[in-house]
Amino acid sequence: MHEGHRARLRKSYIESGADVLEDHRLLELLLTFSIPRKDTNELAHLLIDRYGSLKAVLSADIRDIQAVEGIGENSAVLLNLAGDIIRRIGMGRSESIKLKTASDAARHCIALLSRQKYEAMYVLSLDKNKKLLHADKISSGTLGETVIYPRLVIECALRHHAYSVILAHNHPSGGVTPSKDDIQTTSRISEALGAIGIRLEDHIITGGDRAYSIAGETELSGQDLFMP
């Protein structure tokens, strides 16, 4: 019975594409590649019920998802890899990304940091037209903090011949209000970059689908950022 159902599911996808399949059907089909001899329909429903959406399943931590009953290492790697590929495609090639506004930067930083379980800091190097040259992860800490060294920020900016820089880090708690340390760190790095003629455009703090622009002193919500 499983083989006949799988064959019909695969045929439906080949003939009509992903648009005709519900999220749990797409996940079910994906899991057949790592679970060859077991019904994956129930498991697909279980995963979406647990994480809330297909996107959340493909964004889940690999160790967390592997702990789900019925998900072995192969399935966990497959789901994680699919999510990473989607995230990379969604970010686009760096030569096509321009971060001209706080909203542009916030959208990009939310995508960049959405998979981070702990606090992490990125340096986004830009050219004079605000085009993204490169995004470097310079530190990763605990659930509550990460250490940022101005020297690492400067090294990244110089390596990519940046005209200006955007800092980005996440708050795993979901809150985006900058701490006193966030403000002080931003000021210290801005001074260090300014001393070598590189402008700090902004420092974006993300939490879930929200972000905060320290330069603009403004919180940007997912509804504002991702409206069609």
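In my numbering, the protein residues as written are 909 to 1136. A virtual CB, placed ideally from N, CA and C, is assigned to each residue, including glycine.
What is the residue span of the alpha helix (DSSP H) that residue i lies within?
i       : result
Ala1010 : 1010–1021
Thr1085 : No alpha helix (DSSP H) contains Thr1085, which DSSP labels as neither H nor E.
Ile1056 : Counting along the chain, Ile1056 falls outside any alpha helix (DSSP H), and DSSP gives it neither H nor E.
Would you check if the distance between the CB atom of residue i and the CB atom of residue j is smaller than 7 angstroms?
i       : j       : result
Leu1108 : Ser1121 : no
Pro1058 : Ala1100 : yes
Ile1113 : Val1084 : yes
Gly1124 : Ala1013 : no
Ala968  : Cys1017 : no
Lys1039 : Lys1006 : yes
Ser1004 : Ser942  : no
Gly1056 : Thr1094 : The residue you asked about is not Gly; residue 1056 is Ile in the sequence shown. No, they are not a contact pair.
Tyr1026 : Ala1043 : no
Ile970  : Ile979  : no
Ala1139 : His932  : Residue 1139 cannot be examined here, being either before or after the span of the chain that is shown, 909 to 1136.
Gly925  : Leu966  : no
Leu1021 : Asn1078 : yes
Lys1045 : Ala1065 : no
Of all the options the options, which has the alpha carbon lying nearest to the alpha carbon of residue i?
i       : options                            : result
Lys1036 : Val1061, Gly1082, Ser1048, Ile1074 : Ile1074
Gly1115 : Leu1034, Arg1015, Thr1093, Asp1044 : Arg1015
Leu989  : Ile1005, Arg1023, His913, Ala926   : Arg1023
Arg996  : Arg1096, Thr948, Ala1019, Gly978   : Ala1019
Lys946  : His913, Asp957, Leu962             : His913
Lys963  : His1069, Asp1117, Ser920           : Asp1117
Thr948  : Val928, Ser920, Glu977, Ser924     : Glu977
Ser1072 : Gly1082, Ser1081, Pro1080, Val1061 : Val1061
Leu939  : Gly1082, Ile993, Arg958, Leu917    : Leu917
Glu930  : Pro944, Ser961, Glu911             : Ser961
State the start and end residues of the unbroken beta strand (DSSP E) segment that holds residue i.
i       : result
Leu1040 : 1040–1048
Leu1007 : It is not in any beta strand (DSSP E) - Leu1007 carries neither H nor E in the DSSP assignment.
His1077 : 1072–1078
Ala1028 : 1028–1034
Could you give the C-beta distance for residue i and residue j, rounded to a whole number, given that I count them as a contact under 8 angstroms?
i       : j       : result
Ser1033 : Leu1041 : 4 angstroms
Leu935  : Leu955  : 6 angstroms
Any heavy atom of the ligand SAM inside 6 angstroms of the beta-carbon of residue i?
i       : result
Glu1027 : Ligands are entirely absent from the displayed structure, and the ligand SAM is therefore not among its contents.
Practice task
Counting only runs of 4+ residues fully inside the stretch 925–995, write out the alpha helix (DSSP H) ranges in chain order.
Solution key: Entirely contained in the stretch 925–995, the alpha helix (DSSP H) runs reaching 4 residues are, in chain order, 931–939, 949–959, 962–967, 970–974.
Problem - Completely contained beta strand (DSSP E) runs for the stretch 1105–1132, where each covers 3 or more residues - result: Listed in chain order, the complete beta strand (DSSP E) runs (minimum 3 residues) inside the stretch 1105–1132 are 1107–1115, 1118–1121, 1126–1128.
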